[in-house]
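Student: Sharing a structure, written as structure tokens. Questions coming.
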Amino acid sequence: MIKSESSKFGKPLYILYPGDYFASKDDCIIGTITGTCIVICLYDPQRGIGGMGHFIVPGSIGTSGIISDEIASSGVTSIEYLLGEIVKLGGDRRFLRAKVFGAGYLNSGKAEEIKLSDSNIRFINEYFLIENISVERSDLGGDFRRRIYFSVKDGVIYRQILQNNEESSEFIKLEQEYVDIQFRNKKKSGRIILFE
Amino acid sequence: MGKYIMIIDDSPTIRISVEFAIKNMGYDIQQAENGVDALEKIKTIISKGNEISLCISDINMPQMDGITFIKEFRKTDKFTPVIILTTESEDNKINQGKEAGASGWIIKPFQPAELVNVVKKFLK
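Taken in order, these protein sequences are the chains called A and B. All you need for our numbering is the position in the first sequence, starting with 1, plus 42. All you need for our numbering is the position in the second sequence, starting with 1, plus 483.
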């Protein structure tokens, strides 16, 4: 993530790279570009706290749904990192609202890419249904990239469809590297420490 | 007398996932949304003559976080195992949990079989 104090918005701007997450209670903008990944924007309008997460669920989710699926567990954890930061700032997930973007398929609509896109869309829909978090805007799928800016204080989104890959060439490379790493580690679990 | 495992997390997805993983271990399961909710439910369970065998708790929760929950729980129960299940991985936080009286610390994501193994170790 990089921070720019002098953005065109007249507020601090935080740019997230693929796999990043960030939350704040300050009047700022969080931005990113996404192709195949999902970008979620969560905000608590009562407290003016919000955040953005950029991640992918690396593979197809089984028919049993996200609760018992090892691959979905990686996506749940990605959102948990963002939610943890929001809670630490004083936010409460019972009052959160969500806006979701991305999960595009970009290489001429190859079958496996469309399957991955569908799986990520299914994941995000199931997740917010179980969490009972209202999804105010859902802009998912499609064969294009998106540039997203999110205003933390009021939840306003500025979204741009990117047809020209040159504009986002750095992000394309970074997103591919991130996706490759997530696929390699898709069944990885966290450290276990026993105190006694 | 019933033997209960408490699952304490503000995420319904995590609570349901954990319950799904441990549901066949022969214990009654009670879910709670945060530390305050958990302490109230534990009090009710014990007042009915039942027993808390183990707690699995998140750290970052509204109203009462996991570290505060353990400190409150340990005022009346020094021995029941409390396993922390969290995204927090910093040594400083882990030490806070240990000092508060946690028995173990699992960093998400977790695999169900690994969670079951840890729970079994503490329920021996």
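Quick reminder that beta carbons are idealized off the backbone N, C-alpha and C, glycines included.
Quick check: the region 63 to 75 of chain A against the region 185 to 200 of chain A, are there 3 or more CB pairs under 8 Å?
Tutor: Yes, they touch.
Student: Alpha carbon to alpha carbon, how far is A:D62 from B:L522?
Tutor: Roughly 35 Å between the two C-alpha positions.
Student: Buried or exposed: where does B:M484 fall if 16 or more other Cβ atoms within 10 Å of its Cβ makes it buried?
Tutor: It counts as exposed.
Student: By DSSP, does A:D111 sit in helix, in strand, or in coil?
Tutor: DSSP places A:D111 in coil when its eight states are reduced to three.
Student: By the three-class DSSP mapping on this structure, what secondary structure does B:F605 have?
Tutor: Of the three classes helix, strand and coil, the one that applies to B:F605 here is helix, per DSSP.
Student: Against B:A585, what residues of chain A qualify as contacts under a CB-to-CB distance less than 7 Å, listed in chain order?
Tutor: Residues of chain A passing the Cβ test: F237.
Student: Could you give the distance in angstroms between the alpha-carbon of A:S161 and the alpha-carbon of A:F186?
Tutor: The straight-line gap from Cα to Cα measures roughly 17 Å.
Student: Mapping DSSP to helix, strand and coil, what is B:D548?
Tutor: In the structure shown, B:D548 sits in coil (DSSP, three-state: anything other than H, G, I, E or B).
Student: Since B:I499 contacts B:S540 with CB under 8 Å, what's their CB separation in whole angstroms?
Tutor: Actually they do not touch by this definition, with Cβ atoms about 16 Å apart.
Student: Classify B:V565 as helix, strand or coil using the three-state DSSP reduction.
Tutor: In the structure shown, B:V565 sits in a strand (DSSP, three-state: E or B).
Student: In the DSSP assignment, what are the bridge partners of A:V177?
Tutor: Per DSSP, A:A140.
Student: Can you tell me whether DSSP reads B:A596 as helix, strand or coil?
Tutor: B:A596 falls in the helix class under three-state DSSP.
Student: Can the beta-carbon of A:G77 be found closer than 8 Å to that of A:V99?
Tutor: Not in contact: A:G77 and A:V99 (Cβ atoms no closer than 8 Å).
Student: So what does B:K486 bridge to, in DSSP terms?
Tutor: Note: B:K486 sits in a beta bridge opposite B:E534.
Student: One question on the structure: do B:T589 and B:C538 come within less than 8 Å of each other, judged by their Cβ atoms?
Tutor: The identity of residue 589 of chain B in the sequence shown is Ile, whereas the question assumes Thr. No. Outside cutoff.
Student: I'd like to know whether the C-beta of B:E523 is nearer than 8 Å to at least one C-beta of chain A.
Tutor: It does not; no Cβ of chain A falls within 8 Å.
Student: Measuring only the C-alpha atoms, how far is B:N543 from A:L158?
Tutor: About 31 Å.
Student: Are the C-beta atoms of A:R135 and some chain B residue less than 8 Å apart?
Tutor: Closer than 8 Å to some Cβ of chain B, the Cβ of A:R135 qualifies, so yes.
Student: Could you name the residues of the same chain whose beta carbon sits closer than 8 Å to that of A:G197, not counting the 5 residues immediately before and after it, in chain order?
Tutor: Same-chain partners within the cutoff: C83, Y85, P87, G92, R139, K141 and E178.
Student: Quick one: Cα of A:F137 to Cα of A:I128, how far?
Tutor: So the two alpha carbons sit approximately 11 Å from each other.
Student: Where does B:G587 fall in DSSP's three states?
Tutor: Strand, per DSSP.
Student: Determine the contact status of A:R135 and A:L124, defining contact as a CB-CB distance below 8 Å.
Tutor: Not closer than 8 Å, so no.
Student: Give a yes or no on whether the C-beta atoms belonging to B:V602 and B:M489 are separated by under 8 Å.
Tutor: Not in contact: B:V602 and B:M489 (Cβ atoms no closer than 8 Å).
Student: When the Cα atoms are used, what is the spatial distance from A:E112 to A:K229?
Tutor: If I take the Cα positions, the gap works out to 6 Å.
Student: Using a Cβ cut-off of 9 Å, pull out every chain A residue sitting near B:F593, in sequence order please.
Tutor: Result: S115, T119, S231, G232 and I234.
Student: Beta-carbon of A:V129 versus every beta-carbon of chain B: anything under 8 Å?
Tutor: So, interface residue.
Student: Secondary structure at A:F245, three-state DSSP: helix, strand or coil?
Tutor: This structure cannot settle anything about residue 245 of chain A, because the visible part of chain A is limited to 43 through 238.
Student: In chain B, which residues lie with their C-beta within 8 Å of the C-beta of A:I109?
Tutor: Those are T496, I499, S500 and F503, listed as they occur along chain B.
Student: Are the Cβ atoms of A:F97 and A:I80 separated by less than 8 Å?
Tutor: Result yes, Cβ atoms of A:F97 and A:I80 sit closer than 8 Å.
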